[in-house]
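One structure below.
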Amino acid sequence: MTEDKRKKIYEGKAKILYKGPQPNTIIQYFKDDATAFNNKKFAVINGKGVLNNRISSFLMEKIEHIGIPTHFIKRLNMREQLVHAVEIIPIEVVIRNIAAGSICKRFNLKEGEALPRAIVEYYYKSDELNDPLVSNEHITAFEWANSNELEDIFNMSLRINDFLIGVFSSIGIKVIDFKLEFGRFYKDENLEIILADELSPDNFRLWDNKTNKKLDKDRFREDLGNMKEAYQEVAERLGVL
Ligand code: TMP
Ligand code: ASP
Numbered sequence: 000m001t002e003d004k005r006k007k008i009y010e011g012k013a014k015i016l017y018k019g020p021q022p023n024t025i026i027q028y029f030k031d032d033a034t035a036f037n038n039k040k041f042a043v044i045n046g047k048g049v050l051n052n053r054i055s056s057f058l059m060e061k062i063e064h065i066g067i068p069t070h071f072i073k074r075l076n077m078r079e080q081l082v083h084a085v086e087i088i089p090i091e092v093v094i095r096n097i098a099a100g101s102i103c104k105r106f107n108l109k110e111g112e113a114l115p116r117a118i119v120e121y122y123y124k125s126d127e128l129n130d131p132l133v134s135n136e137h138i139t140a141f142e143w144a145n146s147n148e149l150e151d152i153f154n155m156s157l158r159i160n161d162f163l164i165g166v167f168s169s170i171g172i173k174v175i176d177f178k179l180e181f182g183r184f185y186k187d188e189n190l191e192i193i194l195a196d197e198l199s200p201d202n203f204r205l206w207d208n209k210t211n212k213k214l215d216k217d218r219f220r221e222d223l224g225n226m227k228e229a230y231q232e233v234a235e236r237l238g239v240l
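Each residue of the sequence shown is one higher than the one before, starting from 0 at the first, in numbering that gives the first Met the number 0.
Here is the structure:
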C-alpha cells in the first residue's frame, strides 16, 4: 500500500476530506464507520462507504438537474467524489414528513404518524452541545446565517423534499425524514448557497412502502441488524449498483 500523500483537511464521523486536484475542490472519502447518538455507538460496516458514495452521487446529480446547486462535481472511484469547497453553514437542516426519532419524544408522537405538513427544523452543529434544536432567531442573531441565506435554505429544503418523495415513491420507499447541510460557494465573485455534505441512508429515514421495513441507519441505532443489506437494497432499487 502506498502512503496517502494527499493533504487531509478534515476527518468527520463518516467521511474524510482531502485537498482536491484543482483550487477550491475537495475529495470526499466515504468511510465504513457508523456512529450514532453523537459517537456513543460505533461500528465498522464493511462496504457502507461504497454504497453511500454511489447513492449520494446519484441523488446529488438528480438534484442538480432540477436546478438546485450542489457541491457535487463527479464520482471519482468506489469511495471518493470530487466536490466544490464550500464554507459549511453550521446548521443541520432536518425535513420531516412522518414522525420518527427525536420529534416523537419531543411532542409525544407515535412513530409512523403522518405530520400535518412537511416540517423543517434547524439544529446547531456542535458535538459538544449535542446539536441543539435552534430557531431562525438564534441562527440570525448569532450570525450562523443571515435571513436571506436562511430563506434560500428553507425554500431549497422543501423543493428537495418534494423531489425526493417522488424519486423514492417510484421505487416503493417512503421518505420519513432526512438531514441536509448547506454551504457558501463563491461563483464568479457571487456568493451562492449550495447543497453540500451527502445524501445517503446515514442521513435519511427510509421505509418500505408496503411493509414499513426500515432501510436506513435506524437499523444500527435500534440494533435491528442487516444494515448493509438495507443500504444495498436502497442502492439496488435506485439502480445505482
Ligand atoms: P432525529 O429524529 O434523530 O432528530 O433525526 C432526524 C433525521 O436527521 C434522521 O433522518 C437522521 C438525521 N440525522 C443526521 O443525519 N445526523 C444527526 O446527527 C442526527 C441527530 C440526525
Ligand atoms: N450522526 C450522529 C452521530 O454519529 C447522530 C445520529 O446519526 O444518530 O453520532
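Positions of the beta carbon are idealized from the N, C-alpha and C atoms, including for glycine.
Predicted model only: the values in this text are computed from it and were never measured.
In three-state terms, what does DSSP make of residue i?
i, result
"V85", "coil"
"F153", "helix"
"M0", "Any reading at M0 needs caution, since the residue's pLDDT is 47, under 50, leaving its predicted position unreliable; the model's value is listed next. It is coil, neither helix nor strand."
"R218", "helix"
"G182", "strand"
"V239", "coil"
"T210", "coil"
"I138", "helix"
"N189", "strand"
"L205", "strand"
"Q231", "helix"
Report yes if the C-beta distance between residue i and residue j is below 8 Å; otherwise report no.
i, j, result
"F184", "E191", "yes"
"M155", "I67", "yes"
"I26", "L58", "no"
"R236", "G171", "yes"
"I175", "A234", "no"
"F167", "L205", "yes"
"V85", "A229", "no"
"F71", "E79", "no"
"A33", "I44", "yes"
"I138", "Y121", "yes"
Rounded to whole angstroms, what is the Cα-Cα separation between residue i and residue j?
i, j, result
"R5", "M226", "31 Å"
"V92", "E142", "16 Å"
"M0", "K12", "Note that M0 scores a pLDDT of 47, beneath 50, so its modelled location is shaky and nothing firm can be said."
"Y28", "N51", "10 Å"
"K216", "C103", "17 Å"
"D201", "L114", "22 Å"
"D207", "E112", "15 Å"
"K30", "L16", "11 Å"
"F219", "E188", "43 Å"
"A42", "D222", "11 Å"
"N129", "M77", "32 Å"
"N160", "P20", "32 Å"
"K212", "I97", "14 Å"
"E210", "K7", "Position check: residue 210 holds Thr in this sequence, whereas Glu was assumed. Straight-line Cα distance between these residues: approximately 42 Å."
"N37", "L132", "15 Å"
For the ligand ASP, any of its heavy atoms closer than 7 Å to the Cβ of residue i?
i, result
"K14", "no"
"N258", "What the structure shows of the chain is the stretch from 0 to 240, and residue 258 is not part of that stretch, so it cannot be assessed."
"F36", "yes"
"K216", "yes"
"G220", "The amino acid occupying residue 220 in the given sequence is Arg; Gly does not appear at that position. Because some heavy atom of the ligand ASP lies under 7 Å away, the Cβ of R220 counts as near it: yes."
Let me check you understand the geometry: is the CB of residue i closer than 7 Å to at least one non-hydrogen atom of the ligand TMP?
i, result
"E91", "yes"
"F203", "yes"
"S169", "no"
"I102", "yes"
"F177", "yes"
Can we count residue i as close to the ligand ATP, meaning its CB is less than 7 Å from some heavy atom?
i, result
"N129", "Ligands in the displayed structure: the ligand TMP and the ligand ASP; the ligand ATP is not one of them."
With a threshold of 8 Å between beta-carbons, can residue i be considered close to chain B, or not?
i, result
"R220", "Given the protein chain composition of this structure (a single chain), no chain B is represented."
Quiz item: Residue ranges of each alpha helix (DSSP H) run of no fewer than 4 residues wholly in the region 79 to 135, ordered along the chain?
Solution: 101 to 106
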